[in-house]
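These notes are about the structure you will find just below.
Numbering (this note's numbering), first residue to last: 409 to 790.
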């Protein structure tokens with residue numbers, strides 16, 4: 409019998425993470441996380457009563473390419489900060505550091521995106537107060553991400569393995585850093601984690617015909633909110649579809665698919681559909697991808713496999729810890745330690761597969777759920 413987990417274990421882990429992330433949010437200078445000043449500009453645009461941004465090619469608007477992003481995070485943050493006079497933001501935005509080394513190491517130490525002034529210190533006022541409220545909201549979303557991740561892994565491997573895995577996420581430096589930033593990544597992280605939890609729960613504990621509408625509707629609501637938080641969440645629809653097909657096959661009933669179209673599809677469409685209709689009306693593009701590309705620097709030449717592999721080191725560093733505007737590096741030996749941790753994880757997964765090879769041949773519900781999770785990782789990487 410697997411020993412039970414103390415009741416205080418998970419609340420304590422979440423509290424420690426929240427304390428650490430709050431510390432990051434306070435000590436990280438204003439707008440010194442990747443794209444934060446543009447994310448906040450979207451929030452300020454909505455909070456000041458100007459409605460949702462309408463993007464144009466090569467825009468000079470302060471929200472830059474973020475103006476085409478799905479609006480969920482920005483609407484929520486604006487709802488939390490509308491009461492604050494943020495009219496000082498244009499002056500703060502103008503404090504751009506013309507010598508900032510964005511995305512690379514600068515031996516002269518020019519890592520700050522802005523030139524910082526004494527008026528940014530506590531007590532915060534105006535745009536800075538609104539920024540820190542948005543950062544606090546992000547920390548809460550980080551807590552939700554961890555809680556949902558714990559519930560998912562607990563279904564697959566039990567509570568002790570789940571809290572270990574959750575602790576790895578909670579204390580990964582980059583996760584803490586981004587969770588303390590005003591960024592829509594935090595909302596899509598939280599909602600994706602909730603969707604994945606519900607998908608795995610459907611596979612491992614299939615609903616009865618009487619509970620199916622309620623559980624499907626919950627998944628539909630979460631999918632709709634996720635789709636409204638960032639375009640990358642659209643891949644979650646594929647995961648939900650696989651889970652539904654698995655349920656239909658297990659029940660030997662097409663009724664499961666009909667119920668899914670009604671109870672998952674309808675809430676998803678009602679919550680997020682208007683945004684994609686708006687994109688078609690404004691930009692003649694369901695995803696507004698054309699306007700996104702018109703406001704960023706594209707590759708001069710197409711990326712080959714060799715190019716992608718050459719960039720994998722930067723991707724690895726940015727996963728574990730690459731702070732500031734991707735320009736504040738750890739000492740090199742820290743990244744070697746992260747390589748060792750990654751190798752141990754891969755080795756552990758290999759050992760587990762060998763130990764569970766008989767269960768793998770049976771391909772039960774847990775293995776099917778694990779395959780769905782691997783598919784999500786593949787979709788994110790692509």
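Note that the Cβ used here is the ideal one computed from N, Cα and C, for glycine as well.
Proximity below 8 angstroms, CB of residue i to CB of residue j
i           : j           : result
residue 526 : residue 519 : no
residue 780 : residue 668 : no
residue 494 : residue 535 : yes
residue 446 : residue 471 : yes
residue 631 : residue 644 : yes
residue 538 : residue 455 : yes
residue 637 : residue 588 : no
residue 655 : residue 617 : no
residue 542 : residue 464 : no
residue 595 : residue 670 : no
residue 687 : residue 696 : yes
residue 700 : residue 476 : yes
residue 635 : residue 600 : no
residue 627 : residue 606 : yes
residue 598 : residue 421 : no
residue 580 : residue 728 : yes
Close beta carbons around residue i, own chain, < 6 angstroms, minus the five adjacent residues each side
i           : result
residue 794 : Nothing about residue 794 can be read from this structure; the chain reaches only from 409 to 790.
residue 409 : Confidence at residue 409 is low in this model, with a pLDDT of 46, below 50, so its placement is unreliable and no value can be given for it.
residue 556 : 601, 602 and 605
Alpha-carbon to alpha-carbon, residue j and residue i
i           : j           : result
residue 498 : residue 528 : 14 angstroms
residue 574 : residue 425 : 10 angstroms
residue 689 : residue 460 : 14 angstroms
residue 523 : residue 530 : 17 angstroms
residue 622 : residue 646 : 20 angstroms
residue 593 : residue 777 : 24 angstroms
residue 582 : residue 674 : 36 angstroms
residue 775 : residue 724 : 27 angstroms
residue 416 : residue 571 : 12 angstroms
residue 714 : residue 434 : 40 angstroms
residue 641 : residue 482 : 16 angstroms
residue 747 : residue 462 : 43 angstroms
residue 500 : residue 521 : 11 angstroms
residue 428 : residue 584 : 7 angstroms
residue 554 : residue 423 : 11 angstroms
residue 503 : residue 513 : 21 angstroms
residue 609 : residue 484 : 28 angstroms
residue 741 : residue 653 : 46 angstroms
residue 682 : residue 693 : 13 angstroms
residue 451 : residue 765 : 50 angstroms
residue 414 : residue 685 : 48 angstroms
residue 788 : residue 716 : 15 angstroms
residue 649 : residue 662 : 13 angstroms
residue 758 : residue 478 : 38 angstroms
residue 761 : residue 558 : 21 angstroms
residue 721 : residue 658 : 42 angstroms
residue 532 : residue 436 : 14 angstroms
residue 511 : residue 737 : 10 angstroms
residue 602 : residue 750 : 25 angstroms
residue 790 : residue 710 : 15 angstroms
residue 752 : residue 496 : 49 angstroms
residue 540 : residue 448 : 10 angstroms
residue 419 : residue 726 : 28 angstroms
The alpha helix (DSSP H) enclosing residue i, as first and last residue numbers
i           : result
residue 444 : 444-455
residue 432 : 417-435
residue 527 : Careful: residue 527 lies outside any alpha helix (DSSP H) and carries neither H nor E.
residue 612 : 593-612
residue 780 : 773-789
residue 487 : 480-489
residue 689 : 674-691
residue 740 : 740-763
residue 536 : 534-565
residue 477 : Taken as a continuous stretch (DSSP letters only), residue 477 belongs to no alpha helix (DSSP H), as it is neither H nor E.
residue 658 : 644-659
residue 708 : It is not in any alpha helix (DSSP H) - residue 708 carries neither H nor E in the DSSP assignment.
residue 624 : 620-635
Contacting residues, own chain, Cβ-Cβ under 7 angstroms from residue i (five flanking each side not counted)
i           : result
residue 612 : 563, 773, 774 and 777
residue 664 : 652, 655 and 656
residue 453 : 461 and 471
residue 698 : 691
Cutoff 8 angstroms; reference residue i; Cβ partners in own chain excluding five residues on either side
i           : result
residue 430 : 544, 547 and 588
>> Does the structure place the stretch 721-737 close enough to the stretch 427-446 that three or more beta carbon pairs sit under 8 angstroms?
In response: yes
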